[in-house]
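So the structure is just underneath, and the comments pick up after that.
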Amino acid sequence: MERVNETVVREFVFLGFSSLARLLQLLFVIFLLLYLFTLGTNAIFISTIVLDRALHTPMYFFLAIVSCSETCYTFAIVPKMLVDLLAQKKTISFLGCAIQMFSFLFLGCCHSFLLAAMGYDRYRAICNPLHYSVLMGHGMCMGLVAAACACGFTVYLVTTFLVFHLPFHSSNHLHHFFCDISPVLKLASQHSDLSQLVIFMLGVFALVIPLLLILVSYIRIISAILKKISSSVGRYKTFSTCASHLIVVTVHYGCYSFIYLRPKTNYSSREDTLISVSYNILTPLFNPMIYSLRNKEFKSAL
14 MERVNETVVR EFVFLGFSSL ARLLQLLFVI FLLLYLFTLG TNAIFISTIV LDRALHTPMY
74 FFLAIVSCSE TCYTFAIVPK MLVDLLAQKK TISFLGCAIQ MFSFLFLGCC HSFLLAAMGY
134 DRYRAICNPL HYSVLMGHGM CMGLVAAACA CGFTVYLVTT FLVFHLPFHS SNHLHHFFCD
194 ISPVLKLASQ HSDLSQLVIF MLGVFALVIP LLLILVSYIR IISAILKKIS SSVGRYKTFS
254 TCASHLIVVT VHYGCYSFIY LRPKTNYSSR EDTLISVSYN ILTPLFNPMI YSLRNKEFKS
314 AL
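My numbering puts the first residue of the sequence shown at 14, with every later residue one more than the last.
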């Protein structure tokens, strides 16, 4: 309902690249090439796993699903960003902003839980090698993916609903290049204590729970390696199978922590824009390379 003498926000204006006005065309070319290269890299990665029967294992199944989620993740943000780089009016409708935020957060949450599922898969492969094929059958793998999607969908459908039911009557200028939750919340006219608490708790659930699951898996993996393998060479070879996953987890949670868990006094929209661009464009490009370059089976399949 509209209030007297107040303008209801019906669209948002992106200001994420306003300080780089002279470089917009160059940025468009760079980001477009990176985006196309990302799509091509992930397409090759996924198709190789699908077409080579030797790679039809739980580990590669999760790698393919993660690659798909990252491709969708970039699709929710990058095409609109590329259009805005060349557009005079860099706007998005109120509904469009809500859809973009939900898509981004939903896929990001799925990615976190999928990384946790991959950690569990590595735990079973190392700690229960004789029963691995039974414990990580097709039904279990599909169940873990479905659970990750269900968690992401439920958590961020509620979060998006709460955010966009806050009153927006003041500025509509978003100091970002897409509808991320932090800059959108800054524009809300009023913050209900209950809605803020619920949004915070849901965010903690989406970030902390998967990280705890990953930590539990690796604590058990390290314990099993130390107990069952006596030689340092054997321990190194066994643990090196988890190295790629650990690198991706570190980058994922490092970027998320920098953006969402920093003290508010250190908040800088320019820093957030830089980190967000790097995360949303570069990590989906490099992650398939990280997984494939360290994997002899995948390189032989290529």
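Quick reminder that beta carbons are idealized off the backbone N, C-alpha and C, glycines included.
| query | result |
| --- | --- |
| Contact between the region 80 to 91 and the region 137 to 147 (3+ Cβ pairs under 8 Å) | no |
| Minimum length 4: unbroken alpha helix (DSSP H) runs contained in the region 60 to 122 | 71 to 88 and 91 to 99 |
| Limits of the beta strand (DSSP E) - the one that valine 26 falls within | 24 to 27 |
| Histidine 189 vs glycine 29 beta-carbon contact at 8 Å | yes |
| For threonine 179, the three-state DSSP class (helix, strand or coil) | The question names threonine, but residue 179 is leucine in the sequence shown. Coil. |
| Three or more C-beta pairs below 8 Å linking the region 64 to 79 and the region 153 to 160 | yes |
| Short Cβ contact (8 Å threshold) for phenylalanine 107 with arginine 23 | yes |
| Histidine 186, DSSP secondary structure in three states | strand |
| Buried or exposed by the 16-neighbour rule on C-beta atoms within 10 Å, applied to glutamate 15 | Below a pLDDT of 50, predicted positions are generally treated as unreliable, and glutamate 15, at 45, falls in that range; the measurement from the model is reported next regardless. Classification for glutamate 15: exposed. |
| DSSP-derived helix/strand/coil call for glycine 132 | helix |
| Nearest-angstrom Cβ-Cβ length linking glycine 53 and phenylalanine 119, presumed shorter than 8 Å | Not quite, the Cβ-Cβ distance comes to about 25 Å (not below 8 Å), so this is no contact. |
| Same chain, Cβ closer than 7 Å to isoleucine 303, five either side skipped, listed in chain order | Ser257, Ile260 and Val261 |
| Sequence-distant residues of its chain with Cβ nearer than 6 Å to phenylalanine 126 (five each side left out) | Ala161, Cys164 and Pro223 |
| Same chain, Cβ closer than 8 Å to phenylalanine 117, five either side skipped, listed in chain order | Tyr86, Ala89, Ile90, Phe191, Cys192 and Asp193 |
| DSSP three-state assignment for cysteine 268, whether helix, strand or coil | helix |
| Extent of the continuous alpha helix (DSSP H) run through proline 142 | Proline 142 -> no alpha helix (DSSP H), and no H or E assigned at all. |
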